[in-house]
Amino acid sequence: MAKISIEEKHQYQEKIKPYRDKIVEISSKEKAILLAIQKEPASAAFKRLTLVDEMLNLASYQLVINHVSQMRLRLKEENALNDGRKSLYKSVIYLEEVVSNYVDVPYSDYEDKLAEIASLDAAHRYTLTKKMGLAIELLENAYGDNTKWRWTFVELEGRFAAVAKNIIDLKNAVSNSDPRSPDYEPTVYHLRMIKKLLSQAADRYREKYELSTNRVDDFKQGINFLGSLRRLHVLLGDREDAETVKKKYEIWSAKLETDMKRMEAQKKA
Numbered sequence: 001m002a003k004i005s006i007e008e009k010h011q012y013q014e015k016i017k018p019y020r021d022k023i024v025e026i027s028s029k030e031k032a033i034l035l036a037i038q039k040e041p042a043s044a045a046f047k048r049l050t051l052v053d054e055m056l057n058l059a060s061y062q063l064v065i066n067h068v069s070q071m072r073l074r075l076k077e078e079n080a081l082n083d084g085r086k087s088l089y090k091s092v093i094y095l096e097e098v099v100s101n102y103v104d105v106p107y108s109d110y111e112d113k114l115a116e117i118a119s120l121d122a123a124h125r126y127t128l129t130k131k132m133g134l135a136i137e138l139l140e141n142a143y144g145d146n147t148k149w150r151w152t153f154v155e156l157e158g159r160f161a162a163v164a165k166n167i168i169d170l171k172n173a174v175s176n177s178d179p180r181s182p183d184y185e186p187t188v189y190h191l192r193m194i195k196k197l198l199s200q201a202a203d204r205y206r207e208k209y210e211l212s213t214n215r216v217d218d219f220k221q222g223i224n225f226l227g228s229l230r231r232l233h234v235l236l237g238d239r240e241d242a243e244t245v246k247k248k249y250e251i252w253s254a255k256l257e258t259d260m261k262r263m264e265a266q267k268k269a
């Protein structure tokens, strides 16, 4: 690897200064919003949605810093990447606080939380979700395939899939899927995204179980995401898709039961 000159380091620092300034600005804004939530908890939901968006903006600047480092110094900026990962986690957590982190439960279990953001239209819900998904994808690409965080991203992707589902107004999803509805386009795109995310989360958790942890909890979480996907298909009247997912759910559940019995037998041996 070629040695980095003092001039190259100086140019790099000059280039990233505006982004560092924005990071400081957003971090200060976050503290101010959290303080405002403490003072006025009644309006916390929309303030937290602002935090979700700001944390995504924060992650974007941290990713830009890494990109500049690669272009100028031919090195990944690991600190910026790690900060970006933390910012994305915070973004997901703030959204969980608004819409819940439930995976496989009836809509009625968290409907009261969505009532607090009832005025948020379908387009804004979809746009925020899409922005979060893109940020996670960009971060994973920036880390690369051989990162030590590979399996950690399974949790991040799963939590994102859950909030992407929970933020949509499922009570009106069927009516909004009618082409005559003003919310037709964002609703259809959002539902399409959710189905894909839930399926991917299930597959990724099973992959994590089989290739990394061998932890029953990981396989169970994958099965939970399949249950959530089936529940969504049933709600939307997608009978064939619901039946397909149900069969997969049953096969995975049987596999888990077999594995648990084998693990128990090995402990006793």
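Just so you know, we're using this note's numbering here: the sequence shown kicks off at 1 and counts up by one.
Think of the CB as a built atom: it goes at the ideal place given N, C-alpha and C, for glycine as much as any other residue.
Short check: CB of Gly310 to CB of Ala118, under 8 Å? The structure shown does not extend to residue 310, since the chain is modelled only from 1 to 269, so the question has no answer here.
Limits of the unbroken alpha helix (DSSP H) element including Tyr19: Taking the sequence shown and counting its residues from 1, one reaches residue 19 at position 19. Segment 6-39, the alpha helix (DSSP H) holding Tyr19.
Look up Arg180 in the DSSP assignment and say whether it is helix, strand or coil. Numbered from 1 along the sequence shown, position 180 holds the residue referred to as residue 180. In the three-state scheme derived from DSSP, where H, G and I count as helix and E and B as strand, Arg180 is classed as coil.
Could you say which of Asp53, Leu226, Asn101, Asn214 lies nearest to Tyr126 if we only look at CA atoms? As a working note, residue 126 is residue 126 in the sequence shown. If we check each option's Cα against that of Tyr126, Asp53 comes out closest.
Alpha carbon to alpha carbon, what distance is there between Lys3 and Glu264? Sequence index remark: in the sequence shown, residue 264 carries index 264 (1-based). Sequence index remark: in the sequence shown, residue 3 carries index 3 (1-based). Whole-angstrom Cα-Cα distance: 55 Å.
What separation, rounded to the nearest whole angstrom, lies between the Cα atoms of Pro18 and Trp149? In the sequence shown, counting from the first residue as 1, residue 18 sits at position 18. In the sequence shown, counting from the first residue as 1, residue 149 sits at position 149. Rounded to whole angstroms, Pro18 to Trp149 spans 28 Å at the Cα level.
Any idea if Lys208 is buried or exposed, counting beta-carbon neighbours within 10 angstroms, 16 or more meaning buried? Along the sequence shown, one-based indexing puts residue 208 at 208. Taking all protein chains in view, the Cβ of Lys208 is crowded by 16 or more other Cβ atoms within 10 Å, so the residue is classified as buried.
Are the Cβ atoms of Thr129 and Met193 separated by less than 8 Å? Residue 129 sits at position 129 when you count from the first residue of the sequence shown. Residue 193 sits at position 193 when you count from the first residue of the sequence shown. Yes.
Three-state secondary structure (DSSP) of Lys3: Position 3 of the sequence shown holds residue 3. In the three-state DSSP reduction, Lys3 falls in the coil class, being neither helix nor strand.
Where Leu81 falls: helix, strand or coil (DSSP): For the purposes of this step, residue 81 is taken as residue 81 along the sequence shown, with counting starting at 1. Helix at Leu81.
Work out the CA separation of Ala42 and Val245 for me, nearest whole Å. Counting from 1 along the sequence shown, the entry for residue 245 is found at position 245. Counting from 1 along the sequence shown, the entry for residue 42 is found at position 42. Roughly 40 Å between the two C-alpha positions.
Considering only residues of the same chain and omitting the five flanking positions on each side of Ser253, which have a CB-CB separation below 7 Å? Within the sequence shown, residue 253 is the residue found at index 253, counting from 1. Closer than 7 Å at the Cβ level, and outside the excluded window around Ser253, lie Ile223.
Scan the region 108-194 and note each continuous alpha helix (DSSP H) run of 4 residues or more that stays entirely inside, going in chain order. If you keep only unbroken alpha helix (DSSP H) runs of at least 4 residues inside the region 108-194, you get 111-115, 122-143, 152-166, 173-176.
When the Cα atoms are used, what is the spatial distance from Glu7 to Glu25? As a first step, residue 7 is located in the sequence shown; it is residue number 7 there, counting from the start. As a first step, residue 25 is located in the sequence shown; it is residue number 25 there, counting from the start. Distance between the alpha carbons of Glu7 and Glu25 is about 28 Å.
Give me the residue from Lys255, Ser199, Lys261 with the minimum Cα distance to Leu229. Within the sequence shown, residue 229 is the residue found at index 229, counting from 1. Minimum Cα distance to Leu229 is reached at Ser199.
Assigned secondary structure, Val103 (DSSP; H/G/I helix, E/B strand, else coil): For the purposes of this step, residue 103 is taken as residue 103 along the sequence shown, with counting starting at 1. DSSP places Val103 in coil when its eight states are reduced to three.
Helix, strand or coil: how does DSSP classify Ala269 here? Locating residue 269 in the sequence shown gives position 269, counting from the first residue. Coil, per DSSP.
Within the same chain, show all residues whose beta-carbon is closer than 8 Å to that of Leu236, passing over the 5 residues directly before and after it, in chain order. Mapped onto the sequence shown, residue 236 falls at position 236. Once the five neighbours on either side are set aside, the close Cβ partners of Leu236 are Ala173, Val174, Ser177, Leu191.
Opening and closing residue of the alpha helix (DSSP H) in which Leu211 lies: Working through the sequence shown from its first residue, we reach residue 211 at position 211. Unbroken run through Leu211: none, as it is neither H nor E.
At a threshold of 7 Å, does Leu229 count as lining the ligand SAM (C-beta to nearest heavy atom)? For the ligand SAM, the structure offers nothing, since it holds no ligand at all.
Let's see if you can read the secondary structure: which residues bound the alpha helix (DSSP H) around Ser60? Numbered from 1 along the sequence shown, position 60 holds the residue referred to as residue 60. Looking at the DSSP string, the run of the alpha helix (DSSP H) that includes Ser60 is 44-72.
Taking the C-alpha atoms as reference points, what is the distance between Lys9 and Ile33? Here residue 9 corresponds to residue number 9 of the sequence shown, with the count starting at 1. Here residue 33 corresponds to residue number 33 of the sequence shown, with the count starting at 1. Near 35 Å, if we compare the C-alpha coordinates of Ile33 and Lys9.
Can you tell me whether Asp217 is helix, strand or coil according to DSSP? Translated into positions along the sequence shown, residue 217 becomes position 217. Residue state, collapsed to three classes: helix.
DSSP state of Leu235 mapped onto helix, strand, coil: Position 235 of the sequence shown, counting from 1, holds the residue named residue 235. Of the three classes helix, strand and coil, the one that applies to Leu235 here is helix, per DSSP.
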